[in-house]
Amino acid sequence: MRPGQIAVVGAAETSRLGVLPELSTLELHAEASLAAIADAGLTPADIDGITSARPIPTAVADRLGIKARWLDGTAVGGGSFMLHVRHAAAAIAAGHASAVLISHGESGRSRVGMDMLYDEAANSARGQFEMPYGALPAYAAFTPPVLRFLHDRGMSRTDLAEVVVAQRRWAAPNPRAARRDETTVDEVLGGKEVAYPFTRDMCCVVTDGGGAVVLTSAERAADLRTADRPVYLLGAGEANGTSMVSQMDDLGSFAGFRTSAQEAFHTAGIQHSDVDHLMGYDAFAHLPLYMLEDLGFVGRGESGAFIAEGHTSPGGRLPMNTNGGGLNYTHTGMYGMFAILEAVRQLRREACQQVPGVTISFVQGIGGFFRSAGSLVLSNRQP
Amino acid sequence: MTDLGVPEPVPESLPYWEGARMGELRMQRCNRCERYFFYPRLTCAFCHSGDVEWRRLSGRAKLLSYVINRRPVVPAGAHAAQVIAVVQVAEGPRMLTNIVGTGATPEELVLDSELIVEFEDRGDYHLPVFRLAESAA
Numbered sequence: 001m002r003p004g005q006i007a008v009v010g011a012a013e014t015s016r017l018g019v020l021p022e023l024s025t026l027e028l029h030a031e032a033s034l035a036a037i038a039d040a041g042l043t044p045a046d047i048d049g050i051t052s053a054r055p056i057p058t059a060v061a062d063r064l065g066i067k068a069r070w071l072d073g074t075a076v077g078g079g080s081f082m083l084h085v086r087h088a089a090a091a092i093a094a095g096h097a098s099a100v101l102i103s104h105g106e107s108g109r110s111r112v113g114m115d116m117l118y119d120e121a122a123n124s125a126r127g128q129f130e131m132p133y134g135a136l137p138a139y140a141a142f143t144p145p146v147l148r149f150l151h152d153r154g155m156s157r158t159d160l161a162e163v164v165v166a167q168r169r170w171a172a173p174n175p176r177a178a179r180r181d182e183t184t185v186d187e188v189l190g191g192k193e194v195a196y197p198f199t200r201d202m203c204c205v206v207t208d209g210g211g212a213v214v215l216t217s218a219e220r221a222a223d224l225r226t227a228d229r230p231v232y233l234l235g236a237g238e239a240n241g242t243s244m245v246s247q248m249d250d251l252g253s254f255a256g257f258r259t260s261a262q263e264a265f266h267t268a269g270i271q272h273s274d275v276d277h278l279m280g281y282d283a284f285a286h287l288p289l290y291m292l293e294d295l296g297f298v299g300r301g302e303s304g305a306f307i308a309e310g311h312t313s314p315g316g317r318l319p320m321n322t323n324g325g326g327l328n329y330t331h332t333g334m335y336g337m338f339a340i341l342e343a344v345r346q347l348r349r350e351a352c353q354q355v356p357g358v359t360i361s362f363v364q365g366i367g368g369f370f371r372s373a374g375s376l377v378l379s380n381r382q383p
Numbered sequence: 384m385t386d387l388g389v390p391e392p393v394p395e396s397l398p399y400w401e402g403a404r405m406g407e408l409r410m411q412r413c414n415r416c417e418r419y420f421f422y423p424r425l426t427c428a429f430c431h432s433g434d435v436e437w438r439r440l441s442g443r444a445k446l447l448s449y450v451i452n453r454r455p456v457v458p459a460g461a462h463a464a465q466v467i468a469v470v471q472v473a474e475g476p477r478m479l480t481n482i483v484g485t486g487a488t489p490e491e492l493v494l495d496s497e498l499i500v501e502f503e504d505r506g507d508y509h510l511p512v513f514r515l516a517e518s519a520a
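Going down the list, the protein sequences come from chains A and B. Heads up: the first sequence begins at 1 in our numbering, then just goes up one per residue. Heads up: the second sequence begins at 384 in our numbering, then just goes up one per residue.
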């Protein structure tokens, strides 16, 4: 696959995000997918490839009447969709499919029509060696390494709070964001403690919603409805991590971020200085700190100051999580699709908080609790 | 279907849970590369040798990181703040555990503190947990 050979031609979210108990997980998939397919000017009959993480893609294809000749059910957590994009691009380049739907829907808040997760089983590694200690909900399972990260860098909870403050600035004017009140470090630190050092606003919102994208070749994209707003895939990477946070190689750094991001930079043929916009999967406030350092945008221990100094805020030199992120915008449980969709909106010049002159967006996903990573480099210009 | 958070052993982890029931913290050690590893498996995590054996550990460990969970959901009926910690046992591997016998405050839970294992009787199973060595009886 060459940089710019594959394009995102359809993109959509469900019309509403938030608390939607009247819509099952499968209907959230369907609404978002039908909208994304229509956005591309296509119909479900034109789709010949499909991916979904939860439920499996056969269920989504059946609901939509799609007859696929290529399927991918990679389910490695909330960042699975970054991997789906990479896999779909390879499949299209190889001729295994022409138009691929990447679908997400999740009743993460209302829990309507949700399936079981294998890695929550009582006989899995997590089920035996993490969950008995209370590390079952994400706020108690994703967070234990963080004090080590902060301690070893001379950083503190204030650095976690700064992430929230910076991203709330992006969310404030966005009518689709769940949390919109501008806030301060003191307010964030003074919030209800969920799992020290994390207070409420350092943890993502929990919502219902869906999102989907449609990919095809750049050649075919030129003939579709969105030909005037092309978004090209320049490069991508992916990596596995660990099945349990206690087994990370280094509690203060995620090897998966480093591996997937390096591959994405390399395959896209770009440098850090080429990136105009960054989306980083933020289920909790520590993830942007790990990411900025592991992706190489800042040096070790510099992530907190970089955010506090406003470099990721509106007007900053590296606008990050411009929808407000999972912390503020929405988080269905598998947020990765929404990070991709905000990058697509920015590159189409359709974002609520539009970054002027953006041409390259870097999207970093994470799945599970440091279980997997996926990176995408997207652009509105073909190299 | 078991209760939420109740571990279900598999053949390769049975010696771990049997040890816990007897008040022993056990992990596996590879006889070829002479390293301990965790979680349980039939071949070495490092060199993949099948020549591995279960050993009783010293029970000593170091506190690497933690959260103080104010919203516990496991075990069923838990409501007190719960310290969920990553510790490194003296023999090398790291594991997740609970720190017990403290007030669950950041002031008492100093990173790199020395810990000692004990076992919590959960009825159906015994669970290795740790307390600060200086507070151990």
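From the three backbone atoms N, C-alpha and C, an ideal C-beta is built for every residue, glycine too.
Original post:
Any idea what DSSP makes of P458/B, helix, strand or coil?
Top reply: If you number the second sequence from 1, residue 458/B lands on position 75. Residue state for P458/B is assigned as coil, using DSSP reduced to three classes.
Subject >> Presumed contact (8 Å Cβ cut-off) between G10/A and A30/A, rounded CB distance >> reply: Within the first sequence, residue 10/A is the residue found at index 10, counting from 1. Within the first sequence, residue 30/A is the residue found at index 30, counting from 1. Contact flag wrong, Cβ pair sits at about 14 Å.
Original post:
Taking just the CA atoms, how far does E503/B sit from G484/B?
Top reply: Within the second sequence, residue 484/B is the residue found at index 101, counting from 1. Within the second sequence, residue 503/B is the residue found at index 120, counting from 1. Within the model, the alpha-carbon separation for G484/B versus E503/B is close to 12 Å.
Subject >> Buried or exposed by the 16-neighbour rule on C-beta atoms within 10 Å, applied to M384/B >> reply: As a first step, residue 384/B must be located in the second sequence, where it is residue number 1. Since pLDDT at M384/B reaches only 43, below the 50 mark, its modelled position is unreliable, and the value read off the structure follows with that caveat. Flag for M384/B reads exposed.
Original post:
Is the distance from the Cβ of K192/A to the Cβ of R200/A below 7 Å?
Top reply: Here residue 192/A is taken as the residue at index 192 of the first sequence, counted from 1. Here residue 200/A is taken as the residue at index 200 of the first sequence, counted from 1. The answer is yes: Cβ separation under 7 Å.
**OP:** Going by CA-CA distance only, name the one from I6/A, D72/A and G190/A that's closest to S103/A.
**Re:** What you label residue 103/A is simply residue 103 of the first sequence in a count that begins at 1. For S103/A, the nearest C-alpha among the options comes from D72/A.
**OP:** Just list the beta strand (DSSP E) runs in the stretch 409 to 489 of chain B, keeping only unbroken ones of 3 residues or longer that don't cross its boundaries, in chain order.
**Re:** Entirely contained in the stretch 409 to 489 of chain B, the beta strand (DSSP E) runs reaching 3 residues are, in chain order, 409 to 413, 435 to 439, 443 to 452, 465 to 472 and 477 to 481.
Original post:
Which class does D152/A belong to by DSSP, given the choice of helix, strand or coil?
Top reply: Here the question's residue 152/A lines up with position 152 in the first sequence. Looking at D152/A - three-state DSSP - the assignment turns out to be helix.
Original post:
Anyone know if the C-beta pair for P476/B and Y399/B falls short of 7 Å?
Top reply: Numbered from its first residue, the second sequence carries residue 476/B at position 93. Numbered from its first residue, the second sequence carries residue 399/B at position 16. Taking 7 Å as the Cβ cut-off, P476/B and Y399/B do not qualify as a contacting pair.
Subject >> Residues bridged to C203/A [DSSP beta-bridge criterion] >> reply: The residue you call residue 203/A lines up with position 203 of the first sequence. Partner(s): F284/A.
Original post:
Going by DSSP, what residues sit across from R514/B in a beta bridge?
Top reply: For the purposes of this step, residue 514/B is taken as the residue at position 131 of the second sequence. Paired residues: I499/B.
Subject >> Helix, strand or coil at D195/A [DSSP, three-state] >> reply: As a working note, residue 195/A is residue 195 in the first sequence. In the sequence as presented, Asp is not what sits at residue 195/A; that position holds Ala. Three-state DSSP puts A195/A in a strand.
**OP:** Just the C-alpha distance for V203/A and G357/A, rounded to the nearest angstrom, thanks.
**Re:** Counted from its first residue, the first sequence places residue 203/A at position 203. Counted from its first residue, the first sequence places residue 357/A at position 357. In the sequence as presented, Val is not what sits at residue 203/A; that position holds Cys. Taking the straight line joining both Cα atoms gives about 31 Å.
Original post:
So, is A343/A buried or exposed, given that buried needs 16 or more other C-beta atoms within 10 angstroms?
Top reply: The residue given as residue 343/A occupies position 343 in the first sequence. When all chains shown are included, A343/A counts as buried.
Subject >> Environment of S361/A [buried if 16+ CB atoms lie within 10 Å] >> reply: Counted from its first residue, the first sequence places residue 361/A at position 361. S361/A should be labelled buried.
Original post:
Where are the alpha helix (DSSP H) runs, 4 residues long or more, that stay fully inside the stretch 214 to 258 of chain A, in chain order?
Top reply: 218 to 221
**OP:** Below 8 Å on the Cβ atoms is my guess for G384/A versus E162/A; work out the distance and round it to an integer in Å.
**Re:** Past the boundaries of the shown model lies residue 384/A; chain A is included only from 1 to 383, so the question cannot be answered.
Subject >> Rounded distance between the beta-carbons of L341/A and L378/A, thought under 8 Å >> reply: Here residue 378/A refers to the residue found at position 378 when the first sequence is read from its first residue. Here residue 341/A refers to the residue found at position 341 when the first sequence is read from its first residue. That belief does not hold up - the Cβ atoms of L378/A and L341/A are roughly 11 Å apart, past 8 Å.
Original post:
Hey, would you say T51/A sits closer than 7 Å to G113/A, going by beta carbons?
Top reply: Indexing the first sequence from 1 puts residue 51/A at position 51. Indexing the first sequence from 1 puts residue 113/A at position 113. The answer is no: Cβ separation not under 7 Å.
Original post:
Along the chain, where does the alpha helix (DSSP H) that runs through Q271/A open and close?
Top reply: Counting from one through the first sequence, the residue named residue 271/A turns up at place 271. Careful: Q271/A lies outside any alpha helix (DSSP H) and carries neither H nor E.
**OP:** Would you verify that the beta carbon of E182/A is, or is not, closer than 7 Å to some beta carbon of chain B?
**Re:** Position 182 of the first sequence holds residue 182/A. False, the Cβ-Cβ gap to chain B never drops below 7 Å.
Original post:
Does any residue of chain A bring its CB to less than 7 Å from the CB of L515/B?
Top reply: Within the second sequence, numbered from 1, the residue matching residue 515/B stands at position 132. No, because no Cβ of chain A sits closer than 7 Å to the Cβ of L515/B.
Original post:
Between P197/A and V469/B, which are expected to be in contact by the criterion C-beta below 8 Å, what is the C-beta distance as a whole number of angstroms?
Top reply: Mapped onto the first sequence, residue 197/A falls at position 197. Mapped onto the second sequence, residue 469/B falls at position 86. At roughly 14 Å, the Cβ-Cβ gap does not stay under 8 Å, so P197/A and V469/B are not in contact.
Original post:
Can you tell which of E238/A, V206/A, Y139/A and A59/A has the C-alpha that lies nearest to the C-alpha of F81/A?
Top reply: Position 81 of the first sequence, counting from 1, holds the residue named residue 81/A. When each option's Cα is compared against that of F81/A, the closest is E238/A.
**OP:** Compile a chain-ordered list of the residues in the stretch 474 to 501 of chain B whose CB is closer than 8 Å to at least one CB of chain A.
**Re:** R477, M478, L479, T480, N481, P489 and L494
**OP:** Taking C-beta pairs closer than 8 Å, name the residues in chain B that V146/A reaches, listed in chain order.
**Re:** Start at 1 with the first residue of the first sequence, and residue 146/A comes out as number 146. Those are S448 and V450, listed as they occur along chain B.
**OP:** Report the residue from S107/A, A88/A, E309/A and R109/A whose alpha carbon sits nearest the alpha carbon of A99/A.
**Re:** Numbered from its first residue, the first sequence carries residue 99/A at position 99. Residue A88/A is the option with its Cα nearest to A99/A.
**OP:** Just mark G154/A as buried or exposed, buried being the case when its beta carbon has 16 or more other beta carbons within 10 Å.
**Re:** As a working note, residue 154/A is residue 154 in the first sequence. With fewer than 16 Cβ atoms within 10 Å of its Cβ, G154/A is classed as exposed.
Subject >> Beta bridge counterpart(s) of I6/A as assigned by DSSP >> reply: Locating residue 6/A in the first sequence gives position 6, counting from the first residue. DSSP, once it has assigned bridges, lists S217/A and L233/A as partnering I6/A.
**OP:** Helix, strand or coil for A11/A, going by three-state DSSP, please let me know.
**Re:** Taking the first sequence and counting its residues from 1, the one referred to as residue 11/A is at position 11. Judged by DSSP in its simplified three-state form, A11/A adopts strand.
**OP:** Establish whether the CB of P132/A and some CB of chain B are separated by less than 7 Å.
**Re:** Against the first sequence, residue 132/A aligns to sequence position 132. It does: the Cβ of P132/A has a partner Cβ on chain B nearer than 7 Å.
Subject >> Alpha-carbon spacing of V19/A relative to R176/A, whole angstroms >> reply: Taking the first residue of the first sequence as position 1, residue 19/A is located at position 19. Taking the first residue of the first sequence as position 1, residue 176/A is located at position 176. If you take the alpha carbons of V19/A and R176/A, they lie about 12 Å apart.
Original post:
Where are the beta strand (DSSP E) runs, 3 residues long or more, that stay fully inside the stretch 31 to 57 of chain A, in chain order?
Top reply: 49 to 52
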